[in-house]
Amino acid sequence: MDYRSLLENDDPQEISYLYEEARKAAVSMFGNNIYIRGLIEVSNYCRNNCYYCGIRASNTHVNRYRLSKEQILACCEYGYGLGFRTFVLQGGEDPMQTDEWVEDVVRSIHAAHPGCAITLSLGEKDPESYKRFREAGADRYLLRHESFDSDHYGRLHPAGMSRDRRLECLRSLKENGYQTGSGIMVGSPYQTLDHVVEDLLFIQEFRPEMIGIGPFVHHHDTPFAGFPDGSVALTLKLISIFRLMHPQALIPSTTAIATLESDGHRKAILAGANVVMPNLSPASIRKEYALYDNKAAFATESAEGLEELRKELRSIGYEIIVDRGDYNKTQSIQKNTIEYV
Ligand code: SAH
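Everything in the sequence shown is counted per our numbering, starting at 27 for the first residue and increasing by one.
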């Protein structure tokens, strides 16, 4: 069956079968283990004006903050104690967080937690900057391509941002030896199923080590305030397709899914996801990193809610493990060799 008909298919039995096959593929690679990544939202200043995003530069209703190196290190310290072995530093494209600053933060985390993986998600940078961050100790980088179709990309972003530049950044990340993450929002304004098929084909060819997909969720202070939220059902279907297409990939059950459905993590894992990224930012600033309305950042979506998340995942037969969870090209993971928390 081609991708387009698979995306259009809404036969419940066939969809259950798709989820089941994807789940089996994930379990054969990773056992019943779920990796956790501690998400630290380092700044909500952004020079960009993406039409979908709540922290876009033109939104004057945002209380802007940026974390200091000391605050970030304190988050890592706290997360390490809870069992996190990957820290994800995500933020807007904040001009004050210079390359020197990022390098220094990465080096300091690396020195404090040499056994942990450091993931960056700081947007588009020059190849030279990616190289410097990598040399400082960053292992992974998340940069969703958002849409492979350049016209559609252009409807999501103002002039000055382009699909080609995005792809150049992704290529540069791979060249610099990062485990690279890409992906899309499902149901972003003006997205058609043909666009999604183009995204599938791009991912099939680019083979990112991480694939991040979540539904578009509107934010009231953006030009896309009036658009409907994306479909969780289509998001789950895509998780399954990506899992079958790329069995070793690290595929998160994203916050956007959990925001739209309280049972989102369980559903995404049962559709083939194998990563959850609880929020490890200081609780006081979480509400300011509002990419979209009602973004979940507490309870099972947070580091302090890890116990609750663990119970939720155990109820479907999965375990959170203490492990960096690197992309592994050759081996499936042996269930019994991993330390559980
Ligand atoms: N500045 C970084 C991080 C962006 S936030 C970067 O450019 O990569 C991370 C992701 O959140 C984005 O790539 C986008 O896909 C997603 N996101 C932003 N606004 C959203 C919204 N309104 N609904 C759902 N996802 C959104």
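Positions of the beta carbon are idealized from the N, C-alpha and C atoms, including for glycine.
Residue i in three-state terms, based on DSSP
i, result
"P241", "strand"
"A314", "In the sequence on display, residue 314 carries Glu and not Ala. In the structure shown, E314 sits in a helix (DSSP, three-state: H, G or I)."
"M236", "strand"
"F342", "Contrary to the premise, residue 342 reads as Ile rather than Phe in this sequence. In this structure, I342 counts as coil in the three-state DSSP scheme."
"G117", "strand"
"P278", "strand"
"R92", "strand"
"T15", "Outside the modelled stretch of the chain, which goes from 27 to 367, sits residue 15, for which no answer is possible."
"E287", "coil"
"Y45", "helix"
"Y216", "coil"
Nearest-angstrom beta carbon gap, residue j and residue i [assumed within contact, 8 Å]
i, j, result
"V301", "P278", "4 Å"
"E338", "R269", "Contact doesn't hold; Cβ gap of about 20 Å is too wide."
"A325", "R312", "So it is not a contact: roughly 12 Å between Cβ atoms."
"F56", "L306", "At roughly 22 Å, the Cβ-Cβ gap does not stay under 8 Å, so F56 and L306 are not in contact."
Residue span of the beta strand (DSSP E) that contains residue i, given as start and end
i, result
"M211", "205-212"
"E172", "No beta strand (DSSP E) contains E172, which DSSP labels as neither H nor E."
"R166", "166-168"
"V68", "64-69"
Buried or exposed by the 16-neighbour rule on C-beta atoms within 10 Å, applied to residue i
i, result
"L44", "buried"
"S31", "exposed"
"Q39", "exposed"
"F250", "buried"
"N59", "buried"
"Q230", "exposed"
"P304", "buried"
"G240", "buried"
For residue i: DSSP bridge partner residues
i, result
"A143", "T112"
"S328", "N305"
"N59", "E345"
Residue range of the alpha helix (DSSP H) that includes residue i
i, result
"Y77", "No alpha helix (DSSP H) holds Y77; DSSP gives it neither H nor E."
"V348", "Where V348 is concerned, there is no enclosing alpha helix (DSSP H), given that its DSSP letter is neither H nor E."
"E21", "In the structure displayed, the chain extends from 27 to 367; residue 21 sits before or after that span and is not available."
"R158", "153-162"
"P246", "Checking the sequence, you will find His at residue 246 rather than Pro. Per DSSP, H246 belongs to no alpha helix (DSSP H) and is neither H nor E."
"T261", "258-271"
"S31", "29-34"
"H136", "125-138"
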